[in-house]
Amino acid sequence: MSGTLDGKVAFVTGAAGGIGAGIARCLAAAGASVAIIDLDGAGAARTAAGLGVPAVGFAADASEEGAMTAAAERVARELGGIDIMVNNAGGGGRNMDELGVGLPFTNVTQAGWDAQLGTNLRTAFAGCKAAIPHLQARGGGSIVNVASIAALIAAPSIPAYAAAKAGVVSLTRSLALELGPQDIRVNAICPGFLWTRAWEMLAELLKAGVPEYADMAPRDVFLDQVKRCTPLGREQTPEDIGELVVFLASPGARNITGQEIKVDGGITLNLVAN
Ligand SMILES: NC(=O)c1ccc[n+]([C@@H]2O[C@H](COP(=O)([O-])OP(=O)(O)OC[C@H]3O[C@@H](n4cnc5c(N)ncnc54)[C@H](O)[C@@H]3O)[C@@H](O)[C@H]2O)c1
Numbered sequence: 156m157s158g159t160l161d162g163k164v165a166f167v168t169g170a171a172g173g174i175g176a177g178i179a180r181c182l183a184a185a186g187a188s189v190a191i192i193d194l195d196g197a198g199a200a201r202t203a204a205g206l207g208v209p210a211v212g213f214a215a216d217a218s219e220e221g222a223m224t225a226a227a228e229r230v231a232r233e234l235g236g237i238d239i240m241v242n243n244a245g246g247g248g249r250n251m252d253e254l255g256v257g258l259p260f261t262n263v264t265q266a267g268w269d270a271q272l273g274t275n276l277r278t279a280f281a282g283c284k285a286a287i288p289h290l291q292a293r294g295g296g297s298i299v300n301v302a303s304i305a306a307l308i309a310a311p312s313i314p315a316y317a318a319a320k321a322g323v324v325s326l327t328r329s330l331a332l333e334l335g336p337q338d339i340r341v342n343a344i345c346p347g348f349l350w351t352r353a354w355e356m357l358a359e360l361l362k363a364g365v366p367e368y369a370d371m372a373p374r375d376v377f378l379d380q381v382k383r384c385t386p387l388g389r390e391q392t393p394e395d396i397g398e399l400v401v402f403l404a405s406p407g408a409r410n411i412t413g414q415e416i417k418v419d420g421g422i423t424l425n426l427v428a429n
């Protein structure tokens, strides 16, 4: 079976599970070879092994320039080059402090702020910087940065995360302008609500603040938020994000660069209206 990405090599960060693993599955289904790195090296290797295409998965810290340079060199050596870079690593952190929780803003700690900027913005810097020479060596390519709708709206409960993701959108535009003449396209995707580890913590936050949620399981709090906020009314999946990554990396998107595209079931229509 031939796919739109036959012969291409994709490198996805933070893809042991969650959205990144969905992106990896979609890229593989479209014919690409896939490399995965994650802080969870065993999870990265497991996801890679299940893709059914030439794939590698190993541990690396996406927020460290040196680690990402070495990882990109390993991927190019083992899979033959890099055509598609997906900077997906990120998320909420392991606890509320690392999530940089605000409300009031004076509760945000410097450690939480720095953790969010490291996990959600420096990862995009390090991933782009490591991949660009390899994309240049191929004569072009596609970078997709996973931002968030939090980059585009006021997000007072998670101001550090939102600022980091707004930084990812800004970096996407700067690089798109610089790299356009080299046929390297750079775009960002802004997902809405997906049930992943980050949302488990956010649901706990909502439970603490909304009396009617007090006795509900975190997963049910999440589903209620989806129902209330999403015009399309359905829960979205990692594959909903992965399908857009495949399109952005494909020849069909050859004239699209510097864009941030929401995949959110229409949530932001509500948030802007309210
Ligand atoms: N879940 C949502 O509702 C949602 C919404 C908008 C944006 N996003 C973004 O989507 C991306 C994926 O998040 P997810 O929801 O799948 O979360 P997740 O926690 O399930 O997955 C994130 C993965 O990234 C890895 N990771 C984190 N920091 C890393 C680092 N420095 N180096 C290597 N790997 C690292 C984690 O180990 C984890 O496997 C993140 O950038 C997140 O901010 C998620």
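One rule links them: number in the numbering used here = place in the sequence shown (from 1) + 155.
Just so you know, even glycine gets a beta-carbon here, dropped at the ideal spot from N, CA and C.
On a predicted model such as this, the values are computed, not experimentally measured, just so you know.
Extent of the continuous beta strand (DSSP E) to which residue i belongs
i	result
residue 288	Premise fails: residue 288 lies in the alpha helix (DSSP H), 278-292, not in any beta strand (DSSP E).
residue 415	415-418
C-alpha distance - residue i paired with residue j, whole-angstrom precision
i	j	result
residue 338	residue 407	14 Å
residue 284	residue 276	12 Å
residue 362	residue 254	16 Å
residue 292	residue 241	17 Å
residue 350	residue 374	8 Å
residue 311	residue 389	25 Å
residue 367	residue 377	13 Å
residue 305	residue 224	29 Å
residue 278	residue 194	12 Å
residue 227	residue 359	37 Å
residue 208	residue 342	25 Å
residue 372	residue 356	12 Å
residue 409	residue 297	9 Å
residue 183	residue 381	29 Å
residue 288	residue 210	21 Å
residue 244	residue 370	32 Å
residue 231	residue 247	30 Å
residue 264	residue 319	15 Å
residue 214	residue 191	9 Å
residue 416	residue 175	17 Å
residue 422	residue 196	34 Å
residue 396	residue 404	13 Å
residue 335	residue 365	47 Å
residue 386	residue 348	12 Å
residue 267	residue 315	8 Å
residue 239	residue 201	21 Å
residue 324	residue 274	15 Å
residue 161	residue 188	8 Å
residue 205	residue 286	24 Å
residue 217	residue 301	13 Å
residue 170	residue 258	31 Å
residue 177	residue 260	34 Å
residue 163	residue 250	37 Å
residue 413	residue 321	14 Å
residue 167	residue 179	7 Å
residue 329	residue 290	17 Å
residue 391	residue 172	15 Å
residue 420	residue 309	18 Å
Per DSSP, the bridge partner or partners of residue i
i	result
residue 297	239 and 340
residue 193	214
residue 181	Answer is none; residue 181 lacks a bridge partner.
residue 166	190 and 240
For residue i, the first and last residue of its enclosing alpha helix (DSSP H)
i	result
residue 226	220-234
residue 409	Unbroken run through residue 409: none, as it is neither H nor E.
residue 172	Where residue 172 is concerned, there is no enclosing alpha helix (DSSP H), given that its DSSP letter is neither H nor E.
residue 265	265-272
residue 399	393-404
residue 260	Note, residue 260: premise wrong, no alpha helix (DSSP H); not H, not E.
residue 376	373-384
Length at least 4, wholly inside the stretch 311-367: the alpha helix (DSSP H) runs in chain order:
314-334 and 352-364
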